[in-house]
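Numbering follows this note's numbering, in which position 226 of the sequence shown is assigned residue number 223; successive positions increment by one, without gaps.
In this text, a Cβ means the ideal position worked out from N, Cα and C, and glycines have one as well.
All figures in this text were calculated on a predicted structure; none of them were measured in a lab.
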Amino acid sequence: MEISLQYIGFAFLVLSLSWFIALLQKFWLRPKRFEHALRAQGLTGTPYKFPFGDVLQFIELRKMAYAKPMPLSHDIIPRVAPYFQQVMNQHGKKAFAWFEQEPTVILNDPESVWHVLTKQQNIFVKPEQDTSEKLLLPGLFAHQGEKWKKHRRIINPAFHLEKLKLMLPAFSTCCEELICKWNKLIDLKEFSELDVLPEFKAFTGDVISRTAFGSSFEEGRRIFELQEELVMLVVEASINSYIPFYKHLPTKKNKRMKDINREVEKILRDMIEQREKAMVNGQATSNDLLGILLETNSENLKKGESRMQ
């Protein structure tokens, strides 16, 4: 019995030590090695702060920026990226900051940017997305390498000039509806005050819905509304991303994000199935984005390529 207890105690000690070493490696040794390597290459930046780097300062500066009214100026950096601006002001055009245990290199020097994009393009890859970002930005935005090339090749025909010209009637219809709506408001009163921000948001949704989904306009509008809600939830989730395991907690907002994703996928799947059935029955494909993608995908299948997912 004593031997068994000794074995258990020894095993617990080994596990505890392994756990401690793993945490030490993740939260201190590895970040400090990164910092040393970056400084050795001539970059300057903020020192690594245990355990979450510059996340708290980033959140604080963003809250301060959003608390002030936005000036009528094209100088948007203080509003959208106040922390990055502060780092560049303090450390120059080649700097780095810390998001949790990962360094973020900030380059504001054209020559360095050119070098990265042309000479080191196979080294720098897109950052790995967390759970909430994968819900908001799947597909082409997240793909890399050969998968990105394949999907980009399929979607590319949709943005040829001749294809874009076919979408002009959809743009025109949305513009006419908006102008008619505003004219009616003026006809009802001699003077009418209108908040144009929600009007233009709705207009943007209508344009995207008509050009992307054509006859499935109402479904497209519903997708736009859901995506708009999802954006706000993802932004809120990003603020709490520094809290360990927060994204896995069954909170009301986390559940809502998953529900939105399921609903969007179902709407898209139903639309695609309806269009594919129409194509099988010999009906011509629509000139909207979905129709062009299905047509290109069908041509690739005939050539023996794999189906786009």
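Along the chain, where does the beta strand (DSSP E) that runs through residue i open and close?
i	result
Leu336	As shown, the chain starts at -2 and ends at 306. That puts residue 336 outside it, with no answer to give.
Can you grab the Cα-Cα spacing for the pair residue i / residue j, in whole Å?
i	j	result
Tyr63	Trp95	21 Å
Leu161	Ala92	41 Å
Pro100	Pro28	8 Å
Leu69	Leu227	28 Å
Glu125	Ala8	35 Å
Ile193	Lys178	Ile is not the amino acid found at residue 193; the sequence shown has Val there. Taking the straight line joining both Cα atoms gives about 12 Å.
His88	Met67	26 Å
Thr115	His71	29 Å
Asn180	Phe188	11 Å
Ala34	Val11	31 Å
Thr208	Ala167	6 Å
Val52	Leu137	28 Å
Lys131	Lys65	31 Å
Val113	Gln280	47 Å
Glu270	Glu216	14 Å
Gly6	Ser15	14 Å
Ala37	Arg30	11 Å
Glu32	Leu298	48 Å
Bridge partners of residue i, per DSSP?
i	result
Thr41	Ala92
Gly50	Phe96
What residue range is occupied by the uninterrupted alpha helix (DSSP H) comprising residue i?
i	result
Val192	Here residue 192 turns out to be Asp, not Val, going by the sequence shown. Element bounds for Asp192: n/a, residue is neither H nor E.
Thr333	There is no way to answer for residue 333, as the model of the chain reaches only from -2 to 306.
Leu161	158 to 162
Asp256	249 to 277
Ser109	107 to 116
Which residue's Cα is closest to the Cα of residue i: the options?
i	options	result
Phe24	Gln38, Ala37, Phe49	Phe49
Glu57	Gln38, Phe81, Leu69, Asp72	Phe81
Leu175	His157, Met67, Thr201	Thr201
Val204	Asn105, Leu194, Ile269, Thr170	Thr170
Pro135	Arg272, Ser1, Val261, Gln3	Val261
Asn105	Leu40, His71, Ile151, Met268	Leu40
Val232	Val77, Glu270, Leu26	Val77
Glu222	His157, Ser206, Lys123	Ser206
Ile103	Ala275, Thr43, Ala139, Arg30	Thr43
How close, in whole Å, do the beta carbons of residue i and residue j come, if the pair is a contact with beta carbons under 8 Å?
i	j	result
Leu286	Ala155	5 Å
Ser129	Lys244	6 Å
Met164	Phe210	So it is not a contact: roughly 12 Å between Cβ atoms.
Asn294	Ile151	6 Å
Considering only heavy atoms of the ligand FMN, does any lie closer than 7 Å to the CB of residue i?
i	result
Gly279	Of ligands this structure carries none, so the ligand FMN is not represented either.
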